[in-house]
Amino acid sequence: VQQELQKQQQQQQQQEQIIKNQEQIIKTQQQQIINNNNDQQSMSLFPTDVKEFLVGSALVDKKEFMKKFNTGLPDSFKTNNRNRQVYMLYQTEDSLPTNYSSQTTAAGPLLLLDVEDATANCESMNIIVSKPFPGLKQCTAIVGHFESQHILRYMRNRRGIRANLSLPFQQVARTRISDGKQRIIEIPPKLQEESWKHINQYFSIALPNAKENLKPIIHKMMQQQPQSANQALVVMTCNFGQVELLINFVCTAQTMDLSRVLVFCTDKDTLQIARGLGLNAYYDEVLFGDVPTEAAGAYGDDTFAQIMWAKIASVHLTIFLTNYDVLFQDVDVIWNQDFDVHPLDFFQKQQQSTNNPDPEGDFDLLFSDDGARTV
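For the sequence shown, my numbering assigns the number 142 to the initial residue and increments by one for each residue that follows.
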């Protein structure tokens, strides 16, 4: 009996050893799988946990990138050895550069690509513009979520208190700077003097001139309209550098009524051309005499700024003198020929329709969105 018991114990011990061996084999296999995954992830630029929204990366020359994409940002922003390339992030496998997919997804030095190659497979691209404030310890987090065109800004500070690590994060306006104050652009004294000069000339000379010379033009325009026509005008501003765009607008609107279009010309040559096109036009030497005749060289340059001033003055004069509704548009905008309603009549009907289920039909102002989401 004792021998039989010893035999059973030996068999049980052997069975337990077999189970332990099997468990050890399973653990070894699992560790090998983990090691293989780690090896694969160590060779990949991004881990699996973020590959739903981050796949690969590359670099592009900054000047080349800014030249290709008209972001509206001034090209005068200085580049240096620490800010001369654009960091590209690819968020889907099929957006990777065709001939460089393996290099842009592998760990190691980033590949410098031509802008055409880098963006060849991008059907959509978000451009984020950022530069930390001096002395501010700044981080940027990319969160996989729904697609958004907004950048949320969080900062460890309170109004009037400089950012420091002892304070909790709170969401702040994008104009908040590291010292806790709102960023305010200081206007140079010379520019202030020029601005006050323009404002003084506008109210003391240009406005009385407009009452005498512009108001009769508008009055004559509206007298020629049928009684059913709404009291509204289309206002445009143009200089000689943009006159080709004005001609293009007239050519594309040949089937539309242009009798309610009023062009504010910033030089005499444009005035003659506008009248030659059959448009109602107005020019004032005091108001527009300093506006350059050439087109703006870049977004935000001096010529651009002066033309913007002319646009503001044009709208203000029209509304101030007439109290009419005004549709202002740039000269590079054309009207849809497939649309059988005049733009002025369309907006007027949208506003006056009492049965319009669209809440946007009740408005005081309408603005078109240029799509820019700059930060």
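Beta carbons: idealized from backbone N, C-alpha and C, even for Gly.
Fair warning: this is a prediction, and the values are worked out from it, not measured in the lab.
Handout entry: Gly276 versus Pro309 - alpha carbon distance
Key = 18 Å
Problem - For Ala439 and Tyr241, the rounded distance between their alpha carbons - result: Answer to the nearest angstrom: the Cα atoms are 34 Å apart.
Problem - Residue span of the alpha helix (DSSP H) that contains Met449, given as start and end - result: Asp443 to Thr463
Exercise for the section: Provide the residue span of the alpha helix (DSSP H) that contains Asn211, from first to last. Expected result: Unbroken run through Asn211: none, as it is neither H nor E.
Exercise for the section: Decide if Arg223 is buried, meaning its Cβ has at least 16 other Cβ atoms within 10 Å, or exposed. Expected result: By the 10 Å Cβ count, Arg223 comes out exposed.
Exercise for the section: With a threshold of 16 other CB atoms inside 10 Å of the CB of His483, please say whether the residue is buried or exposed. Expected result: His483 counts as buried, since no fewer than 16 other beta carbons sit within 10 angstroms of its beta carbon.
Handout entry: Which of helix, strand or coil DSSP assigns to Leu403
Key = strand
Practice task
Within its chain, find whatever has a CB closer than 8 Å to the CB of Leu462; leave out the 5 residues flanking it on each side and keep chain order.
Solution key: Ala351, Lys352, Leu355, Lys356 and Ile359
Handout entry: Where the alpha helix (DSSP H) through Thr245 begins and ends
Key = Ser242 to Thr246
Problem - Sequence-distant residues of the same chain with beta carbon closer than 7 Å to Thr245, five excluded per side - result: Gly197, Ser198, Ala199, Tyr231, Leu237, Pro238 and Leu252
Practice task
For Pro433, collect the residues of the same chain with a Cβ closer than 6 Å to its Cβ; drop the 5 residues on either side in sequence, then sort them by chain order.
Solution key: Thr444
Exercise for the section: Indicate whether Thr411 and Asn371 have their beta-carbon atoms separated by less than 7 Å. Expected result: no
Exercise for the section: Confirm, please, whether the CB-CB distance from Gln383 to Val472 is below 7 Å. Expected result: In this structure, Val472 places its C-beta atom within 7 Å of the C-beta atom of Gln383.
Practice task
Would you mind working out which of Arg401, Val227, Leu506 and Phe487 sits nearest Leu420, comparing C-alpha positions?
Solution key: Arg401
Exercise for the section: Below 6 Å CB to CB, which residues in the same chain sit around Val227 once its five sequence neighbours on both sides are set aside? Expected result: Answer for Val227: Val201, Lys203 and Phe206, listed in chain order.
Exercise for the section: Determine contact between the stretch 302-318 and the stretch 252-265, defined as no fewer than three beta-carbon pairs at a distance below 8 Å. Expected result: Contact between the stretch 302-318 and the stretch 252-265 is absent, with fewer than three C-beta pairs closer than 8 Å.
Exercise for the section: Return the chain-ordered list of same chain residues with a C-beta closer than 7 Å to the C-beta of Lys209, the five sequence neighbours on each side being excluded. Expected result: Val256
Problem - Through-space distance from Ser185 to Gln154, alpha-carbon basis - result: 46 Å
Practice task
Rank Val191, Ile292, Gly441 and Ile453 by C-alpha distance to the C-alpha of Ala314 and give the top, closest one.
Solution key: It is Ile292.
Exercise for the section: Pull up the CB-CB distance for Ile388 and Leu418, whole angstroms please, since I reckon it's below 8 Å. Expected result: 7 Å
Exercise for the section: For the stretch 323-377, list the alpha helix (DSSP H) runs that are entirely contained and at least 4 residues long, ordered along the chain. Expected result: List check, alpha helix (DSSP H) in window: 330-342 and 348-364.
Handout entry: Bridge partners - Ser198, DSSP secondary structure assignment
Key = As a beta-bridge residue in DSSP terms, Ser198 pairs with Leu230.
Problem - Residue range of the unbroken alpha helix (DSSP H) whose run includes Ala259 - result: Segment Val256 to Thr260, the alpha helix (DSSP H) holding Ala259.
Practice task
May I have the straight-line CA-CA distance separating Ser336 from Pro330, to the nearest angstrom?
Solution key: The alpha-carbon atoms of Ser336 and Pro330 are separated by roughly 10 Å.
Practice task
Please say whether Thr459 and Phe429 have beta carbons closer to each other than 7 Å?
Solution key: no
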